[in-house]
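This report refers to the structure that appears directly beneath it.
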Amino acid sequence: MTTTKSMIDLHAPAEKIFVAGRWESGVTGALMNVESPVDESVLARVPSASAADLDRAYTGAAAAAEAWGSISWVQRAKLMRELAERVRESAERLAVIEALDSGNPIAACRDDVEAAAEGLNHMAGLAGEAGGRTIPSRSGTLVYTRRRPFGVVGRITAYNHPLRFAGKAIAAPLAAGNAVILKPADQTPLTSLELARLSEGILPPGVLSVLSGTGAGVGSAIAGDPRIRRIGFTGSVEAGRAVLSAGARGIKSVSLELGGKNPIIICDDVDLEAAALATVRGMNLTSSNGQSCQSNSRVLVQDSIHEEFIDILVEHISRLRVGDPLDPEKNVGTLISAPHLERVMGYIRRAVEEGAVLRHGGGRPAGQERGYFIEPAVLSDVAPGSTLAKEEVFGPVLAIMRWRNDDEAIQIANDTEFGLAANVLTASFDRAHRIADRLEAGVVWINGPTERPPGTPFGGLKNSGLGKEQSLEELLSYTQETAVLAAY
Ligand code: NAD
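Per this note's numbering, residue 4 is the first one in the sequence shown, and the count goes up by one each step.
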């Protein structure tokens, strides 16, 4: 393979951040390498933004927010749709950058570019719904509420779908009339900076700033800045806690999209072939090699079909082709970094030490000497209470657990700190709903996974998060409501 660096076409100015409509060097001059997980080469260097950069971005954003929040939502929506169109016009270029920066397969990156555009269009369409309501009151009084934007909001995103997240992260706050300071993940800032470049000439200067940098640096500066009263965060539980706790000082509105350890419950009355395909699909291996908050990484199989199901599942998993994300013949890419690859392999080793049986994968694919490639791993006999049953791996590791009756399946399914998503597969309508009713998750699929159409509220229960996204609830969450009580 030729060097990945020569294959990407960056339009954003080199070694600059997008600060309130201008491309600037970071105040401290510190740069970070952006490494390709595909061949471990350095694709670019970007500023590691600091609190001083945030200060400049805030000043420009606050100045822009007033005008942006005052124009008609129709006008804001029009500009957001223009941005979505520009994203679409650059789709292939962005998808290649994304594949080489994230290690996700090119087909998945094309979907992510489209999702970013769709996210902007979806919220543009909803923008007019960010109104208040009237409250029934006695004659002689008029009671109504009105919603106004916060002004400047901070959005911090994770690395697994960089542009998809960037597009969706800016969409609701922009539609509601806020200026946005976006901090992409440390590892994958390139397409967010490209999005900033595409926004030039469409969004008024200051309405969008993009600050590359670390969580400990500019991330925690955003979380702790008392002037930024609304933060939307996507990432791990640990970092989410830090953001929530920093926000407590300023009584900020914080929404959190955090991790998952999602169960898929496979009942004995299912078509095993279809269930195996659903399990593979729900692991999101072909989109992000299982680095997905929604992956159904706990596979809960009823006792009587356990062995037969595993054979079919392994058969399907072994057909996946791990390799170069730009090669259309491959459909599973890399993990994000060397430490993450080591972490994932560590989970597999520990699971085996704790009694699980490795049925498939878990090693480096043959012929892939460089890059953070790993064959998806299937482990059975994972004991409830063991590390693999409890902790989020955020990688291609399926933990199969056995159960005898529905109560036991539900008990195992709910037995983690997480509550993001769950899936139940059964041919029985009654059984499906009886089980689904008792699952502690923000999203429950019955005989899924299926598409989540735009507008479906997305967000976790328990330690998987706070608040809902990708829906009217998200739009409203970027507004503040005031009740007005008038006597006449
Ligand atoms: P991470 O928590 O390490 O980083 C996420 C973002 O937070 C990055 O931009 C990082 O720089 C920043 N950050 C880290 N510490 C911070 C701090 N103290 N203050 C402010 N910002 C900070 O997560 P990751 O490794 O990028 O992503 C993986 C995690 O994200 C997994 O747990 C996954 O489940 C979760 N995730 C959740 C969703 C969802 O929608 N629920 C989506 C994608 C990923």
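Quick reminder that beta carbons are idealized off the backbone N, C-alpha and C, glycines included.
Where the beta strand (DSSP E) through residue i begins and ends
i: K186; result: A182 to K186
i: I351; result: Careful: I351 lies outside any beta strand (DSSP E), inside the alpha helix (DSSP H) at A341 to E356.
i: I20; result: I20 to V22
i: V37; result: L34 to E38
N- and C-terminal bounds of the alpha helix (DSSP H) containing residue i
i: R89; result: W76 to E92
i: A64; result: A54 to S73
i: A226; result: S223 to G227
i: M10; result: It is not in any alpha helix (DSSP H) - M10 carries neither H nor E in the DSSP assignment.
i: A47; result: Segment V45 to P50 is the beta strand (DSSP E) holding A47; no alpha helix (DSSP H) there.
i: G170; result: P165 to A178
Under the three-state DSSP convention, the category residue i falls into
i: G370; result: coil
i: R113; result: helix
i: S383; result: strand
i: A490; result: strand
i: I100; result: helix
i: T194; result: helix
i: E472; result: strand
i: R362; result: strand
i: G216; result: coil
i: L206; result: coil
i: V156; result: strand
i: R230; result: coil
i: R150; result: strand
i: E332; result: coil
i: E27; result: strand
i: G143; result: coil
i: E378; result: coil
i: G458; result: coil
i: L528; result: The structure shown does not extend to residue 528, since the chain spans only 4 to 491, so no value can be given for it.
i: G235; result: strand
i: L338; result: coil
Proximity test, residue i beta-carbon vs the ligand MG heavy atom, cut-off 8 Å
i: F461; result: The ligand MG is absent from the structure shown, which contains only the ligand NAD.
>> Measuring CB atoms only, is the stretch 426-435 touching the stretch 261-277, in the sense that at least three cross pairs come out at less than 8 Å?
In response: yes
>> Quick check: the stretch 208-227 against the stretch 380-390, are at least 3 beta-carbon pairs closer than 8 Å?
In response: no
> Which whole runs of the beta strand (DSSP E) in the stretch 250-327 are 3 residues long or more, in chain order?
Replying inline: 256-260, 266-269 and 301-305
> Of all the beta strand (DSSP E) runs that stay within the bounds of the stretch 386-456, which reach a length of 3 or more residues?
Replying inline: 400-406, 424-428 and 446-449
>> So, does the stretch 28-41 touch the stretch 176-192, judging by three or more C-beta pairs under 8 Å?
In response: yes
> Per the contact definition of three or more C-beta pairs closer than 8 Å, is the stretch 437-447 in contact with the stretch 403-413?
Replying inline: Yes: at least three Cβ pairs fall under 8 Å.
> Taking three-plus beta-carbon pairs below 8 Å as touching, is the stretch 345-364 in contact with the stretch 390-398?
Replying inline: Enough Cβ pairs lie closer than 8 Å, so yes.
>> So, does the stretch 82-95 touch the stretch 444-453, judging by three or more C-beta pairs under 8 Å?
In response: no
> Is there contact between the stretch 200-218 and the stretch 120-128, where contact requires at least three CB pairs shorter than 8 Å?
Replying inline: no
> Between the stretch 174-186 and the stretch 74-84, do three or more beta carbon pairs fall short of 8 Å?
Replying inline: yes
> Quick check: the stretch 133-148 against the stretch 41-51, are there 3 or more CB pairs under 8 Å?
Replying inline: Under the three-pair Cβ rule at 8 Å, the stretch 133-148 does not count as touching the stretch 41-51.
> With contact counted as at least three CB pairs below 8 Å, one residue from each stretch, are the stretch 207-217 and the stretch 130-144 in contact?
Replying inline: no
> Do three or more CB pairs link the stretch 224-243 to the stretch 153-160 at distances below 8 Å?
Replying inline: yes
>> Under 8 Å, with one C-beta from each stretch per pair, do the stretch 240-259 and the stretch 291-301 reach the 3-pair mark?
In response: no
>> For the pair the stretch 62-71 and the stretch 9-24, tell me if three or more CB-CB distances fall below 8 Å.
In response: The stretch 62-71 and the stretch 9-24 touch, with no fewer than 3 CB-CB distances between them shorter than 8 Å.
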